[in-house]
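Peer 1: Have a look at this one.
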Amino acid sequence: FVQATNVVSFAKYPMLSSAIPVYNYLIDELEEYCDNCDSSDDIVTAVKAGIKKLETYYAKTDETTMYTVATILDPRLKLGYYEDHKWKQTFIRFAKETVINIYNDKYGPA
């Protein structure tokens, strides 16, 4: 959580492009904790509740393309973020086409 907090808190400007990577990171870390922990059932239950809450908010990123577009347009992440994290090729193609279509609609020849 420290790394995710640092990414979000210490940025000079809030960045929409970090939303998907931060959600993925937090969910992955919590799932790994559950898989490898020797903690009490109460702690595991609390961690699973945290995962469920994160997934609820993460699902909202699917309601609009702005999160995906922001991630792709971020020079630190680009389309490579999705490729490096083994997202499905159908999604990667969709994301790329979405960015191209938005660009063409806004800046292409009339």
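Just so we're aligned: 101 in full-length UniProt numbering is position 101 of the sequence shown, and the numbers increase by one with no gaps anywhere.
No residue lacks a Cβ here, since even glycine has one placed at the ideal position from N, Cα and C.
Count the C-beta pairs between the region 58-78 and the region 38-47 that are closer than 8 angstroms, then say yes if the count reaches three, no if not.
Peer 2: Pairwise C-beta distances place the region 58-78 out of contact with the region 38-47, as fewer than three of them are shorter than 8 angstroms.
Peer 1: Should F94 and Y82 be called a contact, given that it needs their Cβ atoms to be closer than 8 angstroms?
Peer 2: no
Peer 1: Mapping the DSSP letters down to three states, classify G108 as helix, strand or coil.
Peer 2: coil
Peer 1: So within the region 10-92, which uninterrupted beta strand (DSSP E) runs reach at least 3 residues, ignoring any that extend past its ends?
Peer 2: Listed in chain order, there is nothing to give.
Peer 1: Using 10 angstroms around the beta-carbon of S40, count the other beta-carbons present and answer buried if the total reaches 16, otherwise exposed.
Peer 2: exposed
Peer 1: If you draw a straight line from the C-alpha of D35 to the C-alpha of A110, how long is it?
Peer 2: 54 angstroms
Peer 1: Cα separation between N104 and Q89?
Peer 2: Spanning the two alpha carbons is a distance of roughly 22 angstroms.
Peer 1: Which same chain residues, not among the five before or five after T61, have their C-beta less than 8 angstroms away from its C-beta?
Peer 2: A19, I20, Y23, Y67, T68
Peer 1: Check the C-beta distance from T98 over to T65 and give it rounded, since I have them as a contact under 8 angstroms.
Peer 2: 5 angstroms
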